[in-house]
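Participant:
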């Protein structure tokens, strides 16, 4: 397969329709914008599981072929803390009394069921704290 696909990355554009029209017009004139990605489809096969990160450069995709995989010989990659229901299990700092927030695992055994939690993404006012019970092995 030696086919090139066209992708438009309009995630940050407020007026996506207008942005798409501009991208298409620019592409027709032979000057693709920074929002336009032309990618050879076979380069996706270089990535484990063949995801389609069209915004990643060919050089970066080649690294998956050239370098050994990280996840091997006893090394695994896992997701960190995830609640699967943030509305239910995560609270903003001001919703939890400071004396109920644990500063280490041992304090969760002493009845402090809330721990600091850096969720990622854009910062939220006051950050967040998920609740724990029973030695941090089950959420309330």
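Residue numbers (the working numbering): 8 to 147. We put the CB at the ideal spot given by N, CA and C, even for glycine.
Enumerated in chain order, which unbroken segments of the alpha helix (DSSP H) with a length of 4 residues or greater are wholly contained in the segment 80-131?
Facilitator: 93-96, 112-115
Participant: Keeping to the same chain, check which residues put their C-beta closer than 6 Å to that of residue 24; ignore five residues upstream and five downstream.
Facilitator: Counting only Cβ-Cβ distances below 6 Å, and skipping sequence neighbours, we find nothing.
Participant: What is the DSSP secondary structure of residue 12, counted as helix, strand or coil?
Facilitator: strand
Participant: Is it buried or exposed, residue 77, if we count other Cβ atoms within 10 angstroms and call 16 or more buried?
Facilitator: exposed
Participant: Alpha carbon to alpha carbon, what distance is there between residue 109 and residue 41?
Facilitator: 46 Å
Participant: Measure from the alpha carbon of residue 69 to the alpha carbon of each residue in 112, 80, 53, 29, then state which is nearest.
Facilitator: Ranked by how close their Cα comes to the Cα of residue 69, the residues 112, 80, 53, 29 have 53 in first place.
Participant: Taking the Cβ atom as the reference point for each residue, do residue 124 and residue 84 lie within a distance shorter than 9 Å?
Facilitator: no
Participant: Quick one: is the Cβ of residue 36 within less than 8 Å of any heavy atom of the ligand GTP?
Facilitator: Although the ligand GTP was asked about, the structure shown includes no ligands whatsoever.
Participant: Whose C-alpha, out of 59, 121, 112, is nearest the C-alpha of residue 102?
Facilitator: 121
Participant: For residue 17, name the three-state secondary structure that DSSP assigns.
Facilitator: coil
Participant: Pull the bridge partners of residue 69 from the DSSP assignment, please.
Facilitator: According to DSSP, which records beta bridges pairwise, residue 69 is partnered with nothing at all.
Participant: Going by the CB atoms, is the gap between residue 11 and residue 45 shorter than 9 Å?
Facilitator: yes
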